[in-house]
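Notes follow the structure.
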Amino acid sequence: MGAQLVGKAFAFGISHSLSGNEFRLLAFMAHTTRDTGQPPRYFGSREMSPPGLGLLIPEDDGRPDNGRARRSAFEVVRRATAALVSAGAITRIRSGRAGQRAEFTILTGYSIESLSKSRNETLGLPDLQDQ
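FYI, in my numbering the residues of the sequence shown are 3 to 133.
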(Lines of atoms letter the chains of each structure in order from A; the text may use other names.)
(Lines give C-alpha, C1' and ligand atoms only; values in the text may rest on other atoms or scores of the structure.)
Protein backbone atom coordinates (compact mmCIF):
# COMPACT_ATOMS: atom_id res chain seq x y z
CA MET A 3 0.00 0.00 0.00
CA GLY A 4 2.43 2.72 1.12
CA ALA A 5 5.78 1.70 -0.37
CA GLN A 6 6.69 5.27 -1.31
CA LEU A 7 5.61 6.53 2.09
CA VAL A 8 7.69 3.86 3.82
CA GLY A 9 10.72 5.15 1.91
CA LYS A 10 9.91 8.66 3.13
CA ALA A 11 9.50 7.31 6.68
CA PHE A 12 13.01 5.81 6.59
CA ALA A 13 14.48 9.05 5.25
CA PHE A 14 12.53 11.13 7.80
CA GLY A 15 13.59 8.85 10.65
CA ILE A 16 17.27 9.25 9.78
CA SER A 17 17.17 12.98 9.13
CA HIS A 18 15.13 13.74 12.27
CA SER A 19 16.72 11.25 14.72
CA LEU A 20 13.47 9.56 15.75
CA SER A 21 13.46 7.14 18.67
CA GLY A 22 12.82 3.45 18.00
CA ASN A 23 9.13 3.62 18.91
CA GLU A 24 8.61 6.82 16.97
CA PHE A 25 10.25 5.36 13.87
CA ARG A 26 8.36 2.05 14.11
CA LEU A 27 5.04 3.86 14.48
CA LEU A 28 5.80 6.16 11.53
CA ALA A 29 6.85 3.21 9.35
CA PHE A 30 3.70 1.30 10.37
CA MET A 31 1.50 4.30 9.60
CA ALA A 32 3.24 4.77 6.24
CA HIS A 33 2.85 1.08 5.40
CA THR A 34 -0.88 1.09 6.07
CA THR A 35 -1.57 4.40 4.28
CA ARG A 36 -2.27 4.60 0.56
CA ASP A 37 0.41 6.36 -1.44
CA THR A 38 -2.23 7.70 -3.80
CA GLY A 39 -4.08 9.78 -1.22
CA GLN A 40 -3.54 13.51 -1.54
CA PRO A 41 -2.61 14.20 1.11
CA PRO A 42 -1.87 10.69 2.39
CA ARG A 43 -4.11 9.98 5.39
CA TYR A 44 -3.80 7.44 8.18
CA PHE A 45 -7.00 6.24 9.86
CA GLY A 46 -5.87 4.15 12.79
CA SER A 47 -8.02 2.71 15.51
CA ARG A 48 -6.70 2.62 19.03
CA GLU A 49 -6.20 -1.14 18.81
CA MET A 50 -4.46 -0.95 15.42
CA SER A 51 -1.30 0.97 16.37
CA PRO A 52 0.28 -1.02 19.26
CA PRO A 53 0.98 -4.13 17.13
CA GLY A 54 2.89 -1.82 14.76
CA LEU A 55 5.26 -1.24 17.69
CA GLY A 56 5.44 -4.95 18.49
CA LEU A 57 3.08 -4.60 21.47
CA LEU A 58 0.39 -7.20 22.01
CA ILE A 59 -2.93 -5.99 23.35
CA PRO A 60 -4.82 -8.40 25.58
CA GLU A 61 -8.58 -8.62 25.40
CA ASP A 62 -10.56 -6.09 27.40
CA ASP A 63 -12.10 -8.76 29.61
CA GLY A 64 -12.17 -6.90 32.91
CA ARG A 65 -9.10 -8.60 34.39
CA PRO A 66 -6.83 -6.06 36.12
CA ASP A 67 -3.62 -7.34 34.51
CA ASN A 68 -5.11 -7.07 31.04
CA GLY A 69 -6.39 -3.57 31.77
CA ARG A 70 -2.92 -2.43 32.89
CA ALA A 71 -1.25 -3.98 29.83
CA ARG A 72 -3.75 -2.28 27.51
CA ARG A 73 -3.31 1.12 29.17
CA SER A 74 0.48 0.75 29.01
CA ALA A 75 0.45 -0.12 25.29
CA PHE A 76 -1.89 2.78 24.50
CA GLU A 77 0.34 5.17 26.48
CA VAL A 78 3.43 4.11 24.48
CA VAL A 79 1.51 4.82 21.27
CA ARG A 80 0.24 8.15 22.63
CA ARG A 81 3.79 9.30 23.44
CA ALA A 82 5.17 8.21 20.06
CA THR A 83 2.27 9.90 18.26
CA ALA A 84 2.81 13.16 20.16
CA ALA A 85 6.52 13.08 19.26
CA LEU A 86 5.71 12.50 15.58
CA VAL A 87 3.31 15.46 15.62
CA SER A 88 6.01 17.62 17.25
CA ALA A 89 8.61 16.50 14.69
CA GLY A 90 6.27 17.36 11.80
CA ALA A 91 6.01 13.80 10.47
CA ILE A 92 2.24 13.66 10.97
CA THR A 93 -0.52 16.21 11.41
CA ARG A 94 -3.63 15.45 13.43
CA ILE A 95 -6.80 16.04 11.42
CA ARG A 96 -9.22 14.53 13.92
CA SER A 97 -8.81 13.10 17.42
CA GLY A 98 -10.16 9.65 18.09
CA ARG A 99 -13.00 9.02 20.53
CA ALA A 100 -15.59 6.36 21.15
CA GLY A 101 -16.84 5.17 17.77
CA GLN A 102 -14.53 7.46 15.78
CA ARG A 103 -10.96 6.78 14.65
CA ALA A 104 -8.19 9.34 14.81
CA GLU A 105 -7.09 10.72 11.46
CA PHE A 106 -3.66 12.07 10.48
CA THR A 107 -1.98 13.31 7.34
CA ILE A 108 1.42 11.71 7.00
CA LEU A 109 4.72 13.04 5.65
CA THR A 110 3.13 15.87 3.67
CA GLY A 111 5.51 18.43 2.22
CA TYR A 112 8.46 16.03 2.16
CA SER A 113 10.11 14.36 -0.79
CA ILE A 114 12.64 11.55 -0.72
CA GLU A 115 15.15 13.95 -2.28
CA SER A 116 14.72 16.65 0.36
CA LEU A 117 14.85 14.11 3.19
CA SER A 118 17.95 12.44 1.70
CA LYS A 119 19.71 15.79 1.41
CA SER A 120 18.81 16.60 5.02
CA ARG A 121 20.05 13.15 6.08
CA ASN A 122 23.35 13.67 4.27
CA GLU A 123 23.81 17.06 5.97
CA THR A 124 23.00 15.52 9.37
CA LEU A 125 25.48 12.68 8.83
CA GLY A 126 28.13 14.89 7.16
CA LEU A 127 27.91 12.96 3.88
CA PRO A 128 28.45 14.55 0.45
CA ASP A 129 25.41 15.25 -1.67
CA LEU A 130 25.61 12.82 -4.58
CA GLN A 131 23.78 15.25 -6.86
CA ASP A 132 26.70 17.71 -6.51
CA GLN A 133 29.14 15.21 -8.01
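All C-beta atoms, glycine included, are put in the ideal place defined by N, C-alpha and C.
In the structure shown, Gly46 adopts extended strand secondary structure according to DSSP, grouped into three states. Taking a contact to require three or more Cβ pairs closer than 8 Å, the stretch 51 to 69 and the stretch 90 to 97 do not qualify as touching. With a threshold of 16 other beta carbon atoms within 10 Å, Arg26 meets it and is buried. Distance from the CA atom of Thr107 to the CA atom of Ala82, rounded to whole angstroms, is 15 Å.
Contact check for Pro42 and Arg48: beta-carbon distance about 20 Å, past the 8 Å limit, so the pair fails to qualify. Here Leu109 is near Leu7, since their CB atoms are less than 8 Å apart. When DSSP reads this structure, Ile108 sits in a beta bridge with Ile92. Apart from the 5 residues on each side of it in sequence, His18 sits with its Cβ closer than 6 Å to the Cβ of Ala89 in its chain, given in chain order.
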